[in-house]
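Here's the structure, in structure tokens; my notes come after.
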């Protein structure tokens, strides 16, 4: 799930914790490195499969082993590379003809791959093999379609919550029940805003709610967010803006007009910028080398916005728990973001690649993924297995699953053309807000015009 989306997102915040490293797992070693058959010659085939999340490498190694046991003439080489390098490599490889046969795809890059005919239309394969699209969590399958054609099958999903330091919340007299019932608004911040202030502590022990609080000498910030939220703010401003009534685009997927000048968005961004000015969140330039993850885990921040895929990592030492997103003026909202696996259109072994994609999207593989208790697989029965595995490990994941079961509490992040360029334009504008150079309305006016001009090309 998946920033996306700028991270794993897009996902994932999980990858911010990884260095740019690569890992390769070759299943059924000994097969020829290039493969010898496109499917009809009877020889062995080696597929290359790439992903970015190191936390999920072990379960996909297991899936590859299970797949090879059923298809002994097909070997899968699984390669893991961290987020930034992953996309840098891939966008070059799809042009040069050296891309892996199958790769994990993000909604951020899906439109450009599809538009450039770099990923395979799977519609005929799905129909031929009668893949049941109803087995997946609602709305996930249709994200990967365009003009009646389907370019991927759902892999997993994630929603967002608030990760908080339990001891710091207790000191601020905030109970888990109070946190789960909190609200938010862009005027005074509501319960959430008061919680941020209460958990902000200066070097003299005064909280942000107390007279004499020194914003220039903060020991613990009440909140740290991913300032590099790109065009959607998946793990920062996005859920709050949508809970304030904001809609990213005129339609989704493949809308033609973004709404970045909507006052319901600019109010939200300005509210967050106000937290920086008050000393309740770290200055953008001071956080950039550490990140929200590092601040929370080091005790320098009391809360952050994080995805369900981070629950296992954050709660490992028992210091951090999760609360649901606060309820905004239009209700509680969280993005539901998923990934798919794409087949490279210029690969030599399309039939074998499809068989691997179909296996990845099957109950057999997704149940293996569920057992590792990292992400929620896209198949609903496998999702239930994952939640049970999390529960068995002492992690209550209801704050992530309840919104999915509650109508109106989840939304799908925008899927449009020019996603990577839109990300850069919007991020540059929002950077100015975080740095205190201007307000959100001024920053986003030109950005919105530039973004919508791109969609007309």
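In the working numbering, the protein residues as written are 1032 to 1488. Beta carbons are placed, not taken as given, at the ideal position from N, Cα and C, and that holds for glycine.
- Collapsing the DSSP output to three states places residue 1235 in coil.
- For residue 1370, the uninterrupted beta strand (DSSP E) segment begins and ends at 1368-1374.
- In the DSSP annotation of this structure, the continuous segment of the alpha helix (DSSP H) that includes residue 1411 starts and ends at 1411-1423.
- When the Cα atoms are used, residue 1389 and residue 1218 turn out to be separated by approximately 48 Å.
- Going by DSSP, residue 1468 is part of no alpha helix (DSSP H) at all; its letter is neither H nor E.
- By the beta-carbon neighbour count (other beta carbons within 10 angstroms, threshold 16), residue 1181 is buried.
- When 1258, 1451 and 1370 are compared, the shortest CA-CA separation from residue 1171 is found for 1370.
- The three-state secondary structure of residue 1182, taken from DSSP, is coil.
- Looking from the CA of residue 1424, the closest CA among 1106, 1405 and 1075 belongs to 1405.
- Checking the DSSP bridge columns, you'll see residue 1352 partnered with 1195.
- In its chain, beyond the 5 residues on either side, 1217 and 1220 have a beta carbon closer than 7 Å to the beta carbon of residue 1302.
- Contact check between the segment 1160-1180 and the segment 1309-1318: fewer than three CB pairs, one atom from each, fall below 8 Å, which does not count as touching.
- Pairwise C-beta distances place the segment 1442-1455 out of contact with the segment 1413-1427, as fewer than three of them are shorter than 8 Å.
- Residue 1252 is not a Cβ neighbour of residue 1238, given a cutoff of 7 Å.
- According to the DSSP assignment, residue 1105 belongs to the beta strand (DSSP E) that extends over 1105-1112.
- Boundaries of the alpha helix (DSSP H) around residue 1101: 1088-1101.
- One Cα belongs to residue 1115, the other to residue 1320, and the distance between them is close to 16 Å.
- Between the C-alpha atoms of residue 1488 and residue 1198 there is a straight-line separation of about 52 Å.
- In the structure shown, residue 1080 falls within a strand segment according to DSSP collapsed to helix, strand and coil.
- By the beta-carbon neighbour count (other beta carbons within 10 angstroms, threshold 16), residue 1153 is buried.
- Around the beta carbon of residue 1364, 16 or more other beta carbons lie within 10 angstroms, which makes this residue buried.
- 7 Å or more divides the Cβ of residue 1105 from the Cβ of residue 1376.
- With a cut-off of 8 Å on Cβ pairs, the segment 1284-1297 is not in contact with the segment 1206-1216, counting fewer than three such pairs.
- Residue 1312 places its beta carbon 7 Å or farther from that of residue 1391.
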